[in-house]
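Q:
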Amino acid sequence: MASPQEQKDKFEDGFQLIVDAAPVNIGSKWNGRYNWVDPPGKTASQPKVDTVVNKLPDDLKEQYEDLLNNFKHNRL
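Just so you know, my numbering puts the end of the sequence shown at 99, numbered straight through with nothing missing.
1. Is the separation between the beta-carbon of LYS71 and that of ASN54 shorter than 8 Å?
2. Quick one: using the 10 Å Cβ neighbour count with 16 as the cut-off for buried, is GLN28 buried or exposed?
3. Where does VAL75 land, buried or exposed, given buried means 16+ other C-beta within 10 angstroms?
4. Quick test of your reading: GLN30 and LEU90, contact by CB under 8 Å. State the CB separation rounded to the nearest angstrom.
5. Here's the rule I'm using: 16 or more other beta-carbon atoms within 10 Å means buried, otherwise exposed. How should ALA45 be labelled?
6. Go to GLY55, then tell me how far its alpha helix (DSSP H) extends in each direction, as first and last residue.
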């Protein structure tokens, strides 16, 4: 099983891929920074994450939900 830091790194990489695939007007809202806090899965930049995720096309939103579920269950 990957360490907590490896899980975070993989989540960040996966989220960046989703942002990169999003339309520019959505991706430009992401500041690209994570300030991790406990519990896992919540970040200090959560409002930025929510702003981006809420505007994603359905297919990318599904990818994000899969990524988040895999992260929460340490499956990245």
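A virtual CB, placed ideally from N, CA and C, is assigned to each residue, including glycine.
As the structure is a prediction and not an experimental result, all values here were calculated from the model.
A: So, to answer that:
1. Taking the first residue of the sequence shown as 1, we reach residue 71 at position 48. Taking the first residue of the sequence shown as 1, we reach residue 54 at position 31. Yes; because the gap between Cβ atoms is below 8 Å, this pair is in contact.
2. As a first step, residue 28 must be located in the sequence shown, where it is residue number 5. Exposed, because fewer than 16 other Cβ atoms sit within 10 Å of the Cβ of GLN28.
3. Residue numbering aside, residue 75 sits at position 52 when the sequence shown is read from its first letter. It counts as buried.
4. The sequence position of residue 30 within the sequence shown is 7, counting from 1. The sequence position of residue 90 within the sequence shown is 67, counting from 1. Not quite, the Cβ-Cβ distance comes to about 11 Å (not below 8 Å), so this is no contact.
5. Position 22 of the sequence shown, counted from the start, is the residue given in the question as residue 45. Buried: at least 16 other Cβ atoms inside 10 Å.
6. The residue labelled residue 55 in the question sits at position 32 within the sequence shown. Neither: GLY55 is in no alpha helix (DSSP H) and is coded neither H nor E.
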